[in-house]
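Visitor: Would you mind keeping the following structure in view while I ask a few things?
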Amino acid sequence: MIKPLAALALAAASLLALAGCAATPADQPAQDGRIPVVATTNVYGSIVAEIGGDRVHVTSIIDSLAKDPHEYEATARDRLAVRGAALVIENGGGYDPFMTDLLDGSKAEVITASDAHPGHDAEGFNEHVWFDPTTMITVVGEVQRALTTIDPEGRAQFAQGAAALTTALTTAGQDLAAIKAEARGADVFITEPVPGYLAAAAGLVDTAPEGFSSAVEEGHDVAPATLLAALKVIRDGGVTAVLANGQAAGSETQRVEQEAKAAGIPVVTFTEILPKDTTYAEWMHAAIASLAAAVGA
Ligand SMILES: [Zn+2]
448 MIKPLAALAL AAASLLALAG CAATPADQPA QDGRIPVVAT TNVYGSIVAE
498 IGGDRVHVTS IIDSLAKDPH EYEATARDRL AVRGAALVIE NGGGYDPFMT
548 DLLDGSKAEV ITASDAHPGH DAEGFNEHVW FDPTTMITVV GEVQRALTTI
598 DPEGRAQFAQ GAAALTTALT TAGQDLAAIK AEARGADVFI TEPVPGYLAA
648 AAGLVDTAPE GFSSAVEEGH DVAPATLLAA LKVIRDGGVT AVLANGQAAG
698 SETQRVEQEA KAAGIPVVTF TEILPKDTTY AEWMHAAIAS LAAAVGA
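Take 448 as the starting number for the sequence shown in the numbering used here and just add one per residue.
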């Protein structure tokens, strides 16, 4: 059901090899003549690199699975990178608030990914928008436009890179729709909001008790009654899979995961940061494939 993306990834990679010399705006420091870009995480860094190829020089502030973006504090080095950037891409929605301060006095073009989601002003908005293919297609278009404005000579390359990524995201959306058709609203237990958009697009129903995932996300203790209710949900059966955040596992999440394993329920983990040597498109495809496998779609 899930089509291999390898061919697409190869096509995107070969596009990256096509570039010539890039012009950099006169008031921006040159990075080997490439456009200096800063991304708050390597998820957005990968997106810009896939579109800009070797016409961009991307610095991703958070690029390690060992770092929790929600708790990141910017360094002097980050400040220096942002000062020299022609383009900055952030998640927004309260995810990476350190960027607001870093941008003070900056002339960089700024793309805020969560602004592309129609629900971004709503109460309780899930800010993990990179797992929402529709939102990310809009973001890809914004990156393409921004890079083309900064470096008009790169127009054709940026258009090709953006088209490859848009195709990958369109496929991701189709794969999620296929899970939705096959899994028919299966119950899942989501420990933390990070996979929320994937689960919603796949039509999966979250049965975690109210307050569980928000406490985990905010780094608070889950209330004892909520934890008991959570363990009961798992024990009662009916949960097809537990969807967890591989980067932020508190003791309550571990209890739920242990309970699920004991009950033979698959636990699928998702991360906020790209693993090394993986592109955003590959990562999305892998996340959706593991979701499909866990819910038997
Ligand atoms: Zn998160």
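We treat Cβ as the ideally placed atom computed from N, Cα and C, and that holds for glycine.
Taking Cβ to Cβ, would you say Val529 is nearer than 7 angstroms to Val503?
Guide: no
Visitor: In whole angstroms, what separates the C-alpha of Gln475 from that of Gly531?
Guide: Any reading at Gln475 must be qualified, since the residue scores a pLDDT of 48, below 50, and its modelled position is unreliable; the value itself is stated next. C-alpha separation (whole angstroms): 6 angstroms.
Visitor: Could you tell me the distance, in whole angstroms, from the CA atom of Thr614 to the CA atom of Ala670?
Guide: 43 angstroms
Visitor: Cα separation between Lys514 and Gly666?
Guide: Whole-angstrom Cα-Cα distance: 14 angstroms.
Visitor: Less than 7 angstroms separating the beta-carbons of Val490 and Tyr727?
Guide: Yes, Cβ-Cβ distance for Val490 and Tyr727 is below 7 angstroms.
Visitor: Mind checking which residues open and close the alpha helix (DSSP H) that includes Ile558?
Guide: Per DSSP, Ile558 belongs to no alpha helix (DSSP H); it is in the beta strand (DSSP E), 556 to 559.
Visitor: Would the beta-carbon of Glu537 fall within 7 angstroms of that of Thr585?
Guide: no
Visitor: Return the chain-ordered list of same chain residues with a C-beta closer than 6 angstroms to the C-beta of Arg526, the five sequence neighbours on each side being excluded.
Guide: Leu549
Visitor: Check whether the Cβ of Glu699 lies closer than 6 angstroms to any heavy atom of ligand 1, and answer yes or no.
Guide: Not so, every heavy atom of ligand 1 lies at least 6 angstroms from the Cβ.
Visitor: Using three-state DSSP, classify Thr471 as helix, strand or coil.
Guide: Annotation note: pLDDT 41 at Thr471 (below 50); position unreliable, no value reported.
Visitor: Which class does Pro516 belong to by DSSP, given the choice of helix, strand or coil?
Guide: helix
Visitor: Does the Cβ of Val747 lie closer than 6 angstroms to at least one heavy atom of ligand 1?
Guide: Not covered by the structure: residue 747. The range shown for the chain is 448 to 744.
Visitor: Measuring CA to CA, which of Gly552, Gln701, Ile498, Glu639 is closest to Leu794?
Guide: This structure cannot speak to residue 794, because the chain is shown only from 448 to 744.
Visitor: With DSSP run on the structure shown, which of helix, strand or coil describes Asp634?
Guide: strand
Visitor: I'd like the ranges of any beta strand (DSSP E) spanning at least 3 consecutive residues and lying wholly in the region 679 to 736.
Guide: 686 to 692, 714 to 717
Visitor: Report the rounded CA-to-CA distance for Pro722 versus Lys627, giving the unit in angstroms.
Guide: Cα to Cα, the separation comes out at about 27 angstroms.
Visitor: Should Ser698 go down as buried or exposed, given a rule of 16 or more other Cβ atoms within 10 Å for buried?
Guide: exposed
Visitor: For ligand 1, is there a heavy atom less than 6 angstroms away from the beta-carbon of Glu665?
Guide: No.
Visitor: If you reduce the DSSP assignment to three classes, tell me which class Leu534 lands in.
Guide: strand
Visitor: Spell out a yes or no on whether the region 710 to 718 and the region 590 to 609 are touching, meaning 3 or more CB-CB pairs, one atom from each, closer than 8 angstroms.
Guide: no
Visitor: Taking contact to mean at least 3 C-beta pairs separated by less than 8 angstroms, is the region 577 to 597 in contact with the region 553 to 568?
Guide: yes
Visitor: Measuring only the C-alpha atoms, how far is Tyr519 from Gly693?
Guide: 17 angstroms
Visitor: What residues in its chain sit with their C-beta under 7 angstroms from that of Ile449, if we drop five residues either side in the sequence?
Guide: Its pLDDT being 47, under 50, Ile449 is placed unreliably by the model, and nothing is read from it.
Visitor: Let me check one thing: in DSSP terms, what residues is Ala486 bridge-paired to?
Guide: Ser507, Ile536
Visitor: Who are the Cβ neighbours of Ala633 in its own chain at under 6 angstroms, not counting the five residues just before and after it?
Guide: Leu651, Thr687, Val742
Visitor: May I have a chain-ordered list of the alpha helix (DSSP H) segments no shorter than 4 residues that lie completely inside the region 614 to 672?
Guide: 643 to 648, 659 to 664
Visitor: In terms of residue numbering, what span does the alpha helix (DSSP H) encompassing Ala593 cover?
Guide: 580 to 597
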